[in-house]
Every structure is written in C-alpha cells, then in structure tokens.
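Notes follow once the structure below has been shown.
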Amino acid sequence: MLLFRKEGLLKEGKVNIKKIAIAGAGTMGYSMAEIFAARGYEVTLYNHRASTLEKAKTKIAPETVNRIAYTTAMGEFAGKDLIVECIAENMDLKLAFYKELSEIVDDETIIATNTSGLSINKLASAVKKPDRFLGMHWFNPPTLIPLIEIIRNDQTRGDVAQAIYDLSVAIGKKPAIVNKDVPGFAANRIQLAVLREVCSMVEDGVISKEGADAVMKYGLGFRWACLGPLETVDFGGIDTFFHISEYLIPDLEDSHDVPKILADAYQAGNYGVKTGKGFYDYSGDKAKEVTKSRDEKLQKIYDALYKK
Ligand SMILES: NC(=O)c1ccc[n+]([C@@H]2O[C@H](COP(=O)([O-])OP(=O)(O)OC[C@H]3O[C@@H](n4cnc5c(N)ncnc54)[C@H](O)[C@@H]3O)[C@@H](O)[C@H]2O)c1
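Just so you know, the sequence shown maps onto residues 1477 to 1784 in our numbering.
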C-alpha cells in the first residue's frame, strides 16, 4: 500500500483515476466514454475528425451525452490520469499517435491501448513512459461484455496494471491480467484454437456449420458462461479429463494454416453480418434482426449472471 501511495496511483486503497480521455470515437471509443461518464468519471472523448464526434453523440444515451467533453484538439490530453487509445487497428498510425501524445501528456499519466492484437511491447516503444503503458482490451459491445483483458508489456509496473484492474472492477467489468505480451493475448488464443477445430470438423464433414454452432451455444459455451475450462475439468474430474486427453489430444487439428473455409469466405468477400453473407445468409433485414437478437440475448445473460 505504501508503494501505491508513493506512486500516486492508489490513495487510501482506492483507485485514484478520475480524469479519463478516450482517443478515437469509433465503434469502441464512444461506448467506453459512455460507460466511464455514466459511472461519474470526468471524461473527454477525442477524435481527429469532428464529424465522428457528432456521430458518436447520437449513439450515446441522452442522460450521459452531456457529461462528456468532446474535442479534436490533442492538447486536451494534458492533465489526464488515464488515456485509453482506441484509434484504428494499424501499427504505424498508433505509433505516430503515441509520438505526438508523448509531447503532451504528464509523466504520471497511464496510457492504455485497446488494440485487438498488436504487440504491446512494440507499441510501448513509442511512448515516453513504457512502464506506465499497457493493453486494456475491451470486447464488443463494450456495454454488454464483462471481460477486459489487461496486458502488461515487459516494463509495465505491477501497480499500474493493478490500478487498471481496480478501475475495471469499479465500472462493473470482470478483468483478467495477461502477464506476457503474446500474440492474441489470452482470449483470442482460446477463441482461435476453438475456431481451428470447428473449421476442421466442418471441412471434413464431421459436423455441419449449424451443428458445430449448436454444440457451442447449447453445450460448451452455455456452461462456459459460468464455469471456465479449468473449473469445468474440476467438476468433470481430473482423472476423466486426463484419460480423454491421452487419446484425443493426438487427434486434434494442429494445422498452422488459416482454416480453408475461413480463407474461402474471405476471398469471396463474404465477411459476415456486415456484408450480408458469411457462413450464413444475412441479406435484407436479417442483419438487423440477428444483431438485435444477439444484443437482447447477451443482455439477458448479463442480467441473469451479474445484475445486482
Ligand atoms: N470493433 C471491435 O469489435 C473491437 C473490439 C476490441 C478491440 N478493438 C480495437 O479498438 C480499436 C478501435 O477499434 P474500432 O472498432 O472502434 O475502430 P473504428 O474504426 O470504428 O474507430 C476508430 C476511430 O479512431 C479515429 N481516430 C482518431 N484519431 C485517429 C488517428 N490519429 N488515426 C486514425 N484514426 C483516428 C477514427 O476517426 C475512427 O473514428 C482498434 O485498435 C481495434 O482493434 C475493436
């Protein structure tokens, strides 16, 4: 605790982050600004284009929209406790942004990136204080998914990671700290391991697309909403999973190529809901309908498991 006080991050055991700036007002940024502002933090939402800020205002809840300051001026990043960078997923853009930012921010400011997978160590090379830099990876839609991955670079201080952990808890999120900057962090490594096996089984005709999705939605995924994979093993029995592992692990897909059905859909320009076709059809009004249905179901799961 003494260390925290000395570092000025935690005071009397409480997270001392009050002034937060979000850089980038796109899909993720405006939503994060809304979440922090609704919880009483002093929030500034920055975007280099004013039109994006105007669009963001139309998406933020009316009771919160006026609690946020909106700016196109980089100078507004001065004096903040935390900056969450949420600009486009491009290494060069982010590095250039941090170089400019470093001239403006205070030495005490924590800078967090919402990158989906760019190296936190490489991004850290462009900031003045890499020990106060880390990943704060939110999930879409940020208002509904509880998880925030907190990724340390090789220099991130423990108390900085802890401060972001505590802040995440304070805004009602369920954070997990990733101690090493590995590609995909933790969540995408797990997600892609599952996706590789699913694609392999669908390609081999072991199961249909619908069947594979049903296995996850009504079985594994349903259970994983309240028990992680390791907790699941504890309930099923380590002995049982040991024996299953002995015969099954050698048979699992271990290709290092992008799965064929994923690459084929990509080459055909079928990107999913946003283009009206992916593994399934979303033409006409279907895209809107499935998005609404997804959000309603996620809200119900959230309410059932976490609403106080
Ligand atoms: N969309 C998702 O599902 C998702 C989920 C988790 C993480 N992320 C990550 O969050 C970050 C933002 O993603 P998004 O989906 O909100 O992107 P987006 O394209 O919707 O928004 C990015 C915004 O940043 C703005 N911007 C501000 N300053 C900029 C600058 N100097 N250079 C470039 N753009 C600038 C752009 O105008 C744009 O509005 C990315 O790193 C992305 O990988 C996205």
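Don't be surprised by glycine CBs; every beta carbon is placed ideally from N, CA and C. The model shown is predicted, which means the values in this text are computed figures rather than measured ones.
According to DSSP, residues forming a beta bridge with residue i
| i | result |
| --- | --- |
| residue 1546 | 1521 |
| residue 1748 | 1753 |
| residue 1495 | 1518 |
| residue 1624 | 1651 |
| residue 1802 | Within the shown structure, residues of the chain are numbered from 1477 to 1784, placing residue 1802 beyond reach of any answer. |
Residue i burial status per 10 Å Cβ neighbour count (16 or more: buried)
| i | result |
| --- | --- |
| residue 1767 | exposed |
| residue 1616 | exposed |
| residue 1600 | buried |
| residue 1589 | buried |
| residue 1720 | exposed |
| residue 1714 | exposed |
| residue 1542 | exposed |
| residue 1504 | buried |
| residue 1490 | Confidence in residue 1490 is poor, its pLDDT being 44 and thus under 50, which makes the residue's placement unreliable; the coordinate value appears in the next sentence. So residue 1490 counts as exposed. |
| residue 1680 | exposed |
| residue 1629 | buried |
Sub-8 Å separation of residue i and residue j beta-carbons
| i | j | result |
| --- | --- | --- |
| residue 1781 | residue 1702 | yes |
| residue 1532 | residue 1506 | yes |
| residue 1640 | residue 1586 | yes |
| residue 1570 | residue 1561 | yes |
| residue 1553 | residue 1613 | no |
| residue 1651 | residue 1631 | no |
| residue 1729 | residue 1673 | yes |
| residue 1683 | residue 1677 | yes |
| residue 1748 | residue 1754 | yes |
For residue i, the three-state DSSP class (helix, strand or coil)
| i | result |
| --- | --- |
| residue 1677 | helix |
| residue 1613 | strand |
| residue 1619 | coil |
| residue 1589 | strand |
| residue 1757 | strand |
| residue 1648 | coil |
| residue 1478 | The pLDDT assigned to residue 1478 is 32, lower than 50, so where the model puts this residue is not dependable, and the model offers no usable value. |
| residue 1738 | helix |
| residue 1486 | Confidence at residue 1486 is low in this model, with a pLDDT of 42, below 50, so its placement is unreliable and no value can be given for it. |
| residue 1654 | strand |
| residue 1565 | coil |
| residue 1603 | coil |
| residue 1715 | helix |
| residue 1726 | helix |
| residue 1643 | helix |
| residue 1682 | coil |
| residue 1783 | coil |
Sequence-distant residues of the same chain with beta carbon closer than 7 Å to residue i, five excluded per side
| i | result |
| --- | --- |
| residue 1647 | 1511, 1512 and 1515 |
| residue 1442 | Look at the range of the chain in this structure, 1477 to 1784, and you will see that residue 1442 is not part of it. |
| residue 1624 | 1612, 1613, 1614, 1644, 1649 and 1651 |
| residue 1595 | 1657 |
Beta-carbon contacts of residue i that lie in its chain and below 8 Å, excluding the five residues immediately before and after
| i | result |
| --- | --- |
| residue 1592 | 1565, 1613 and 1664 |
| residue 1778 | 1620 and 1622 |
| residue 1508 | 1498, 1560, 1562, 1590, 1614 and 1618 |
| residue 1783 | none |
Same chain, Cβ closer than 6 Å to residue i, five either side skipped, listed in chain order
| i | result |
| --- | --- |
| residue 1529 | 1501, 1523 and 1546 |
| residue 1483 | In this predicted model, residue 1483 has a pLDDT of only 39, less than 50, meaning its place in the structure is not dependable enough to derive any value. |
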